[in-house]
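Chains as they are written, first to last, in the numbering used here: chain A, 1 to 381; chain B, 382 to 615.
Let me begin by presenting the structure, written as structure tokens, before commenting on it.
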């Protein structure tokens with residue numbers, strides 16, 4: 001899949017200027033509300049016609065204002081799951097699911113009802129009406145309805161925004177399965193750092209109608225300049241790791257990463273599963289020598305890569321631990337006391353209980369991820 | 382009580398004719414009504430307020446004036462009436478079809494208004510969603526918009542039918558009061574009140590009118606409830 005976007009669109013005083021290429025399996029549009037994410041998705045779906053520019057999906061232009069091309073939404077084969085679901089209230093769940101399939105030519109149907117019911121766990125809802133569904137069920141039916149059109153691209157616009165935390169936790173695994181099992185590339189819109197950190201293979205960061213960064217999540221989400229523009233106060237780093245072993249007696253899971261072994265709170269995933277861990281900058285301490293007699297379980301050797309001012313009296317110390325970026329937020333006083341400067345060898349100390357639980361999840365399968373990373377590098381050039 | 386329903390053949394004719402005229406007026410104006418309501422609710426074109434005014438006019442004009450205008454334009458020598466007769470052999474004046482036309486014109490504003498309000502209440506985001514699922518505008522209208530406005534359509538049809546059953550002024554002006562051809566229930570009741578000893582007949586037809594009105598109301602309630610059950614409550 002390749003999605004090539006280069007558009008300009010004005011909405012009142014708001015100007016959206018977006019230019020990027022993504023070939024990721026799950027491209028996350030990451031930005032705070034009002035940044036233009038939904039407008040961009042509406043333009044890709046054909047619900048909004050851009051003032052100028054073009055969108056090309058797998059060599060096929062969907063919009064090209066210069067050549068006068070505008071493929072109407074009903075011919076785009078782009079599935080769209082809206083924030084509020086938008087199920088048809090006068091139809092049953094089964095009729096909702098099959099609505100789009102009816103308009104899909106038989107030869108182009110790549111996914112069947114049974115498969116979708118199984119993937120999303122909605123088989124028991126078929127005869128109900130949308131009014132009788134919970135928020136999480138509605139979203140799963142909406143995803144199924146879009147999938148059954150056998151789309152060439154699936155757009156998910158903040159599908160979890162209207163759900164509470166427990167419901168989100170119910171749906172996230174379905175989206176992970178969708179990403180790993182369904183052969184449909186996904187664009188996922190979110191303002192939530194933990195969702196993006198957990199799901200994305202490519203991140204497109206958007207702020208004030210502009211693209212601020214495109215690339216692999218470990219790169220983009222580790223950049224303090226990108227993160228701070230997203231209204232996320234908590235800078236941090238994203239580390240990719242593999243589940244190594246479980247220690248049931250202490251309720252811990254050991255993860256293997258390029259930076260070294262990490263002890264995390266127990267994860268219900270079998271050994272060998274790739275995962276992502278987000279470590280907030282404020283949860284990382286720095287020691288100038290390997291500490292002794294310390295309660296924290298994770299001590300990673302590394303060296304200082306850079307120092308970034310992080311506002312009044314605080315400094316983000318960027319560390320390179322065996323090729324993995326980590327960020328530690330320290331006071332200016334501590335930085336002076338330890339005489340931290342780029343190149344200096346130090347130890348990063350992380351408490352296991354400090355792991356961002358929301359962002360801990362199954363990572364995309366490795367084989368594809370390296371491809372996605374390479375693609376993201378291309379996109380950045 | 383049974384005496385009250387012991388109608389003479391002429392009275393039965395008036396009842397049957399009224400039902401026929403009202404049903405015909407309702408069904409014939411429905412497609413046009415939906416189209417005009419859709420235009421008024423969604424369309425953006427010059428002269429929209431003029432169209433709106435023309436549609437509403439019969440509601441505001443005295444019925445006799447509407448009837449007279451129909452006579453002028455749809456009468457055998459009127460411009461439209463002459464054209465229809467010469468090319469299609471269709472005659473409205475002094476026929477039951479003319480009565481149906483008069484009823485349809487008089488009831489049209491009520492039909493359009495009811496449907497227009499329900500179109501305006503439709504969540505257009507649902508139509509957008511249907512579009513992204515591959516439905517072109519026609520299918521979107523047929524599978525999403527139309528079912529969603531069905532309660533409005535039913536309400537409009539009932540209003541239209543009731544208005545057509547009771548129409549008097551425009552009908553009698555346009556097609557007169559010919560027993561068996563254009564003498565509807567209201568005209569028949571009016572005739573009874575004009576002749577000595579006609580009170581019993583007028584009373585019988587009044588009772589029939591009440592029964593038909595109540596029946597229409599009950600049917601509309603049942604329909605609305607069925608539609609309501611099978612749909613929404615999001």
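The C-beta atom is built at its ideal place from N, Cα and C for all residues, glycine as well.
Are the CB atoms of residue i and residue j nearer to each other than 8 Å?
i: residue 429 of chain B; j: residue 491 of chain B; result: no
i: residue 314 of chain A; j: residue 329 of chain A; result: yes
i: residue 284 of chain A; j: residue 220 of chain A; result: no
i: residue 338 of chain A; j: residue 286 of chain A; result: yes
i: residue 497 of chain B; j: residue 421 of chain B; result: yes
i: residue 349 of chain A; j: residue 291 of chain A; result: yes
i: residue 402 of chain B; j: residue 480 of chain B; result: yes
i: residue 495 of chain B; j: residue 533 of chain B; result: yes
i: residue 208 of chain A; j: residue 35 of chain A; result: yes
i: residue 126 of chain A; j: residue 93 of chain A; result: yes
i: residue 145 of chain A; j: residue 97 of chain A; result: yes
i: residue 86 of chain A; j: residue 51 of chain A; result: no
i: residue 264 of chain A; j: residue 162 of chain A; result: no
i: residue 616 of chain B; j: residue 465 of chain B; result: Coverage of chain B is limited to positions 382 through 615, which leaves residue 616 of chain B absent and any answer about it impossible.
According to the neighbour-count rule (16 or more other Cβ atoms, all chains shown, within 10 Å of its Cβ), is residue i buried or exposed?
i: residue 59 of chain A; result: exposed
i: residue 373 of chain A; result: The predicted position of residue 373 of chain A is uncertain, since its pLDDT is 44 and thus under 50; no value can be drawn from it.
i: residue 523 of chain B; result: exposed
i: residue 370 of chain A; result: Below a pLDDT of 50, predicted positions are generally treated as unreliable, and residue 370 of chain A, at 41, falls in that range; no measurement from the model is reported.
i: residue 381 of chain A; result: Legend: pLDDT at residue 381 of chain A = 36, less than 50; position of this residue unreliable, value from coordinates given subsequently. Classification of residue 381 of chain A: exposed, given that the 10 Å Cβ count is below 16.
i: residue 477 of chain B; result: buried
i: residue 598 of chain B; result: exposed
i: residue 139 of chain A; result: buried
i: residue 366 of chain A; result: For residue 366 of chain A, the predicted structure reports a pLDDT of 43, less than 50, and the residue's modelled location is therefore unreliable. A value from the coordinates is still provided. Flag for residue 366 of chain A reads exposed.
i: residue 389 of chain B; result: exposed
i: residue 129 of chain A; result: buried
i: residue 592 of chain B; result: exposed
i: residue 212 of chain A; result: buried
i: residue 131 of chain A; result: exposed
i: residue 235 of chain A; result: buried
i: residue 218 of chain A; result: buried
i: residue 142 of chain A; result: buried
i: residue 106 of chain A; result: exposed
i: residue 467 of chain B; result: exposed
Among the candidates the options, whose CA atom is the shortest distance from the CA of residue i?
i: residue 246 of chain A; options: A:271, A:260, A:259; result: A:271
i: residue 20 of chain A; options: A:32, A:44, A:146; result: A:44
i: residue 602 of chain B; options: B:466, B:537, B:411; result: B:537
i: residue 333 of chain A; options: A:150, A:147, A:52, A:316; result: A:316
i: residue 116 of chain A; options: A:150, A:127, A:280, A:128; result: A:150
i: residue 596 of chain B; options: B:502, B:574, B:465, B:542; result: B:542
i: residue 503 of chain B; options: A:131, A:99, A:89; result: A:89
i: residue 180 of chain A; options: A:26, A:351, A:227, A:312; result: A:26
i: residue 382 of chain A; options: A:46, A:237, A:319; result: It is not possible to answer for residue 382 of chain A, since the shown part of chain A is limited to 1 through 381.
i: residue 32 of chain A; options: A:205, A:342, A:280; result: A:205
i: residue 692 of chain B; options: B:508, B:529, B:600; result: Past the edges of chain B, shown from 382 to 615, lies residue 692 of chain B, and the structure says nothing about it.
i: residue 518 of chain B; options: A:2, A:342, A:74; result: A:74
i: residue 506 of chain B; options: A:109, A:47, A:193, A:363; result: A:47
i: residue 7 of chain A; options: A:13, A:39, A:28, A:1; result: A:39
i: residue 312 of chain A; options: A:331, A:297, A:165; result: A:331
i: residue 222 of chain A; options: A:194, A:121, A:242; result: A:194
Can you list, in chain order, the residues of its chain with a C-beta nearer than 7 Å to that of residue i? Leave out the 5 residues immediately preceding and following it.
i: residue 419 of chain B; result: 500
i: residue 64 of chain A; result: 54
i: residue 604 of chain B; result: 535
i: residue 473 of chain B; result: 455, 462, 479, 482
i: residue 614 of chain B; result: Because the pLDDT of residue 614 of chain B is 39, which lies under 50, any placement of that residue in the model is unreliable, and the number read from its coordinates should be weighed accordingly. Here the set comprises nothing.
i: residue 346 of chain B; result: Look at the range of chain B in this structure, 382 to 615, and you will see that residue 346 of chain B is not part of it.
For residue i, which residues from the same chain have a beta carbon less than 6 Å from its beta carbon, with the 5 sequence-adjacent residues on both sides left out?
i: residue 564 of chain B; result: 395, 558
i: residue 239 of chain A; result: 257, 277, 324
i: residue 267 of chain A; result: 253
i: residue 382 of chain A; result: There is simply no residue 382 of chain A to check, as chain A begins at 1 and stops at 381 in what is shown.
i: residue 77 of chain A; result: 151, 152
Closer than 8 Å by C-beta to residue i: which residues in its own chain qualify, once you throw out the five before and the five after it? Chain order, please.
i: residue 335 of chain A; result: 307, 315, 317
i: residue 666 of chain B; result: The structure shown has nothing for residue 666 of chain B, since chain B only spans 382 to 615.
i: residue 361 of chain B; result: Residue coverage of chain B in this structure runs from 382 to 615, which leaves residue 361 of chain B outside it and unanswerable.
Comparing the CB of residue i with every heavy atom of the ligand COA, is any distance shorter than 7 Å?
i: residue 40 of chain A; result: The model depicted lacks the ligand COA and carries no ligand whatsoever.
- Count the CB pairs spanning the stretch 479-490 of chain B and the stretch 64-78 of chain A that are closer than 8 Å, and state whether there are at least three. no
- Task: Pair every Cβ in the stretch 298-306 of chain A with every Cβ in the stretch 253-260 of chain A, then say whether three or more of these pairs are closer than 8 Å.
- Result: Segment contact: the stretch 298-306 of chain A against the stretch 253-260 of chain A, three or more CB-CB distances shorter than 8 Å; contact assigned.
- Query: Three or more C-beta pairs closer than 8 Å, one from the stretch 187-202 of chain A and one from the stretch 161-175 of chain A: is that the case here?
  - Reply: The stretch 161-175 of chain A and the stretch 187-202 of chain A touch, with three or more beta-carbon pairs separated by less than 8 Å.
- Is the stretch 568-582 of chain B close to the stretch 405-416 of chain B, with three or more CB pairs under 8 Å? no
- the stretch 101-109 of chain A contacting the stretch 511-526 of chain B, beta-carbon criterion three pairs below 8 Å: yes
- Looking at C-beta atoms only, is the number of pairs between the stretch 140-159 of chain A and the stretch 182-191 of chain A that lie closer than 8 Å three or more? yes
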